[in-house]
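Numbering (our numbering), first residue to last: 17 to 540.
By construction, the Cβ of each residue, glycine as well, lies at the ideal position given by its N, Cα and C atoms.
Right, one structure below, let's go through it.
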Amino acid sequence: MRMLIPFWILFFPIALYAQTADILIKNGKIMNGTGNAWFYGDVAVVHNKIVAVGHLEQWKSSQIINAEGMIVAPGFIDVHTHIEGNEARNPTADNFIYDGVTTVITGNCGLSKVDIGQYFNYLDSLHVSINIASLIGHNDIRKAVMGTVRRAPTSTEMQQMEAIMRKAMQDGAVGLSTGLIYIPGTYATTDEVVALAKIAASYHGVYATHMRDEGDSVVPAIKEALYIGTSAGLPIEISHFKLSGQQNWGRSNETLGLIKEARKQGTDVTIDQYPYTASSTNLGTLLPDWVLADGDDSIHLRLSNPVMRSQVINYMLKRLSKRKLKHFSYTIVANYTFDTTLNGKSIEEINLLKGRKHSAQAEAETVIEMIQHGGAAMVFHGMSETDVQYIMQYPYCMFGCDAGIRVFGEGVPHPRGYGSNAKILGKYVREEQLFTLEQAIRRMTSLPAQKFHLQNRGLLLPGYAADIVVFDPNTVMDKATYNKPHQYAVGFKYVIVNGAITLSNGVHTGIRNGTTLKNADLLL
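Have a look at this one:
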């Protein structure tokens, strides 16, 4: 009888004949990323690849990791990050490595480098500890061609944007991202986005969106995202799926229902989430869109006009009233370059420190003053834990920290940049038991790899890249808090990136073995 040889042995004969690995992980509970039940076993790594998974009693190695009592899983893939700007300041990317992350998707929310090819060359020369894939951001495409003007593009400008989009995909971008709540993306029509999304679709890219609204108008925003994806013919990823503002608490059944129905009708749509009830973005989002057009000089001119300034204040007060709040206490400064002593304080507190009247109107004036001094990165408290947990249980919800590479000790940033995965595993899996550990691992590994077409990532299988995490399921936990965010997650013992041990016994080795991951279409 003819014996069938497993396909992976044909490609990796070393696994059949040789018995020496560069790294051998022994006696762990293997969660291979599929969502199937764990099993006891070993993993052998040669160079940058996994060559064998199973009971490997005959294998030897000079580097043996005893994973007894621990989980061995594929390296986590964070689908929503913003690393641009801090790669060179901290290329070891400690906050990601200590949270089990081996790969990130950046370029989200319409914000990216415009020349993706040049950006990838820069990253490859820099050598970062994590793998990096990038979307191309609509906001920066539009800004490169049109600046921040508030109008539709001319036919020539549209052709120029399409050319940038096409080149980005050819250079390896994994899709198009939008930030339709940000300037200048908010000035774009749906048809403008569809035109660019069609180019992404022609290269089998993804459409990832920070929708036009995540509060009162969230339903039409979801419908617009679904329309763009289906019209352009590409998969949809809705970023940091949430409900902002106290007045919208409890609507997650409605919003998630739209996603479920779309999938039922055949739309390839998934969502991602960070496990916190506070968001983080820039202070300018408190102002009406029309104020922020045409650059800093125009913004200062409008805010100096008494009539326009009054309109801006009334807009902010109306939004505050909708939240059923009397003060801007929910807005906390993460980093205010103009005066870093105010980091960690709320707008309400800052207003009082300046000796001003304890009123929402005075606080709105304080916001405008801070905008005139360059603005600030902020943390906004305004989501319901009940909604967060309900969304989290959806099987096609992935996880993304929505943060960048942290410079330890700088500012008072959102804690999500340090412990998103650890919080999922520690609080919501182990303590709350919202879903199984196997399900969580699938949504941190193979589901993101599938969504963003990351070849040979996201699974523990022979032939796949040796991106591996080893962690203690009983102790894994986030440590970062809103008041003290600069604290690394605990419980991750080993992190291997492309076959190199980057975290050893809970300590970063300093190794920088990450690589850029380009659109799989280019690899065919």
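Cα-Cα separation between residue i and residue j, rounded to whole angstroms
i, j, result
"G526", "S145", "8 Å"
"K370", "T301", "23 Å"
"M414", "I407", "10 Å"
"Q466", "A160", "31 Å"
"G266", "V486", "37 Å"
"I517", "K443", "27 Å"
"D156", "K340", "35 Å"
"Y219", "L303", "37 Å"
"G221", "N359", "39 Å"
"G51", "A213", "31 Å"
"I180", "V130", "7 Å"
"T36", "N529", "22 Å"
"F28", "V67", "Confidence at F28 is low in this model, with a pLDDT of 49, below 50, so its placement is unreliable and the value that follows should be read with caution. Roughly 7 Å separates the two Cα atoms."
"G435", "N111", "8 Å"
"P200", "D312", "13 Å"
"G44", "T271", "39 Å"
Burial state of residue i (16 or more Cβ within 10 Å)
i, result
"V523", "exposed"
"N106", "buried"
"P322", "exposed"
"K76", "exposed"
"L317", "exposed"
"S296", "buried"
"T461", "buried"
"A278", "buried"
"E381", "buried"
"D115", "buried"
"T357", "exposed"
"A31", "Any reading at A31 must be qualified, since the residue scores a pLDDT of 45, below 50, and its modelled position is unreliable; no value is offered."
"A241", "buried"
"S233", "exposed"
"D355", "exposed"
"E84", "exposed"
"A392", "buried"
"E73", "exposed"
"Q281", "exposed"
"K258", "buried"
"F23", "In this prediction, F23 has a pLDDT of 43, which is less than 50 and means its spatial position is unreliable; what the coordinates show is noted afterwards. Exposed: under 16 other Cβ atoms inside 10 Å."
"N521", "exposed"
"A53", "exposed"
Whether residue i touches residue j by CB criterion (8 Å)
i, j, result
"A496", "P411", "no"
"I132", "A189", "yes"
"L142", "S128", "no"
"I287", "I254", "yes"
"G123", "G474", "no"
"M386", "Y352", "yes"
"D310", "T172", "no"
"D174", "N535", "What sits at residue 174 in the sequence shown is Met, not Asp. No, they are not a contact pair."
"H256", "G416", "yes"
"G515", "V95", "no"
"L543", "Q405", "Residue 543 cannot be examined here, being either before or after the span of the chain that is shown, 17 to 540."
"L336", "I93", "no"
"T206", "D305", "no"
"T452", "D140", "no"
Supposed contact pair residue j and residue i - C-beta distance, whole angstroms, cut 8 Å
i, j, result
"I484", "P90", "7 Å"
"A204", "H154", "7 Å"
"G433", "A419", "3 Å"
"I244", "V209", "5 Å"
Given residue i as reference, the closest of the options once Cα atoms are compared
i, options, result
"I113", "R422, L319 and N64", "R422"
"F344", "H316, S375 and N330", "S375"
"N64", "N472, N535 and I440", "N472"
"G273", "W306, K239 and P251", "K239"
"K342", "G479, I363, Q409 and F451", "I363"
"V117", "N499, V506 and P200", "V506"
"M493", "L250, Y331, A481 and K509", "K509"
"I315", "A83, P169 and G390", "G390"
"I148", "H98, K439 and I275", "H98"
"G249", "G191, N521 and N298", "G191"
"E103", "K42, Y135, N82 and A392", "Y135"
"V69", "T119, G479 and Q176", "G479"
"T194", "D232, D187, A237 and G231", "A237"
"E454", "P489, F424, A481 and K373", "P489"
"E426", "E230, Y292 and P501", "P501"
"F396", "V349, K183 and A378", "V349"
"I121", "A481, F468 and Y498", "F468"
"P429", "M324, L477, N298 and A481", "N298"
"D346", "S520, S326 and T293", "One point to set straight first is that residue 346 is Tyr, not Asp, in the sequence displayed. That would be T293, whose Cα lies nearest to the Cα of Y346."
"Q263", "A378, T271, K338 and T283", "K338"
"S260", "S268, I252 and G231", "G231"
Contact test: residue i Cβ vs the ligand MG heavy atom, cutoff 7 Å
i, result
"K45", "Among the components of this structure there are no ligands whatsoever, and the ligand MG is therefore not found."
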